[in-house]
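J.:
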Amino acid sequence: MLQFARVAARSVATSHRAVVTPLLNSAITRRDFSAPVENKDQPIDIPNPFEKERRVCILCKHNIVPDYKNVKLLSQFQSPYTGRIYGRHITGLCKQKQEQVEKAIIRAQNCAMMPTYHKEMDFMQDPRLFDPEKPIRPHKY
Amino acid sequence: MPSYELAMVLRQMSRPEIVSVLKRTAGTLLDRGCVIRKLENLGTRALPHKISEHGIVHREGTYFNISFDAAPTKISDFMEEFGRDIDIVRRRIFKIEEPEEFQCTLHEEMLPPAYRKDVQEMIDIAKRKQKRKFKYNSGLDYYPFQK
């Protein structure tokens, strides 16, 4: 009687299955978990399909090493209003590249190749690599 | 001998004068046993700001770059020597170094804070710094007596 009640409960739970025989039911209750189970519904091992594509910064993508003589490139990372170097949250560069860019800009300014309080007038119309109004990461200013 | 790069700005001069200044600087380098690898002319143009040097205000200059190999002990001598030259407005000597190979870490930096390695390290440090609390082992989550 008790066995029948259990069968009834299981058949309700798995109502989409065709027939649940008492024999099969007893096999399920005493299932050996170590044995491999042939079941199409089991999860399969695949790489995460929702994983985002790996992001690479613009200088790493084109394999550019910033040089202090390349003033045209460096002035793109400089504010046209104050001549200050934009931060990593605005430029969207990786840590190492940002460091290299900052070092190169300071070097160029030291050699009197680049202005410190504004951007070179010849490079004002250069295409913008990023929008300072829309930083990739929020910041306190 | 390590490689160095001399970046210098010459004052506004005629062509033969510039040639003589270059010969003079290159001669100084060669006299001290240097090997000159490259001489670059980066052109004459207006300076980004006026520069007062040797008692004159300069507004235009000619940029030159000389790559050379020299003993590290000689570099301060060069700086001193070129500093005394009144035709040189500005001089800087940099060591030429091979750029280090590295992987772009932008992807890891853009992860949410909890997944970033440097943030996890900071949390660990904060945990370590916290003062240890005495455990009474009374099985209660409060102190049963009056304090």
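Note that the protein sequences, when read in sequence, are chains Z and A. Using the working numbering, read the first sequence as starting at -17 and increasing by one per residue. Using the working numbering, read the second sequence as starting at 675 and increasing by one per residue. Ideal Cβ positions, reconstructed from N, Cα and C, are used throughout, including at glycine.
1) Give the single residue among CYS39/Z, HIS71/Z, GLU33/Z and PHE32/Z whose Cα lies nearest to the Cα of LYS116/Z.
2) So what's PHE105/Z in DSSP terms, helix, strand or just coil?
3) Should THR699/A be labelled buried (16 or more other beta-carbon atoms within 10 Å of its own) or exposed?
4) Using the Cα positions of LEU814/A and LYS801/A, report the straight-line distance between them to the nearest angstrom.
5) Could you name the residues that DSSP lists as bridge partners for HIS732/A?
6) Taking C-beta to C-beta, are ASP761/A and LEU703/A nearer than 8 Å?
7) Taking all protein chains shown into account, decide if LEU5/Z is buried (16 or more other Cβ within 10 angstroms of its Cβ) or exposed.
8) Would you say TYR737/A lies against chain Z (beta-carbon separation less than 8 Å)?
9) Report the three-state DSSP secondary structure of GLN60/Z (helix, strand or coil).
10) Taking just the CA atoms, how far does VAL731/A sit from GLN777/A?
11) Compare the C-beta of ALA86/Z with all C-beta atoms of chain A and state if any pair is closer than 8 Å.
12) State the Cα-Cα distance for the pair THR73/Z and ILE767/A, rounded to the nearest angstrom.
13) Name, in chain order, the residues that DSSP records as bridge partners for MET95/Z.
14) Under the rule that 16 or more other beta-carbon atoms within 10 Å means buried, what is GLU714/A, buried or exposed?
15) Nearest chain Z C-beta to ARG806/A closer than 8 Å, yes or no?
16) Taking C-beta to C-beta, are GLN107/Z and THR98/Z nearer than 8 Å?
17) If distances are taken between C-alpha atoms only, which option among GLY701/A, CYS708/A, ALA720/A and TYR789/A comes closest to GLU102/Z?
18) How long is the line joining the alpha carbons of ILE46/Z and GLN24/Z, rounded to whole angstroms?
19) Does DSSP classify ASP743/A as helix, strand or coil?
20) In the DSSP assignment, what residue or residues form a beta bridge with ILE762/A?
21) For my contact list, TYR678/A and PHE738/A are in at a C-beta cut-off of 8 Å; report their separation, rounded to the angstrom.
22) Which residue marks the beginning of the alpha helix (DSSP H) containing GLU782/A, and which one marks its end?
23) If you draw a straight line from the C-alpha of PRO62/Z to the C-alpha of CYS93/Z, how long is it?
24) Quick check on this structure: which residue in CYS76/Z, PHE59/Z and GLY65/Z has the alpha carbon closest to the alpha carbon of LEU785/A?
25) Buried or exposed for VAL83/Z, please, with buried defined as at least 16 other CB atoms from any protein chain shown within 10 angstroms of its CB.
26) Counting only C-beta atoms, is MET95/Z closer than 8 Å to chain A at any point?
T.: On the basis of the coordinates in this document:
1) HIS71/Z
2) helix
3) buried
4) 24 Å
5) ILE725/A
6) no
7) Any answer about LEU5/Z is weak, because its pLDDT of 48 lies below 50 and its placement is not dependable; what the coordinates show is given next. Exposed, since its Cβ has fewer than 16 Cβ neighbours within 10 Å.
8) yes
9) strand
10) 46 Å
11) no
12) 29 Å
13) According to DSSP, which records beta bridges pairwise, MET95/Z is partnered with nothing at all.
14) exposed
15) no
16) no
17) ALA720/A
18) 47 Å
19) strand
20) LEU684/A
21) Between PHE738/A and TYR678/A the Cβ distance is about 14 Å, and since that is not below 8 Å, they are no contact.
22) 780 to 783
23) 20 Å
24) CYS76/Z
25) buried
26) yes
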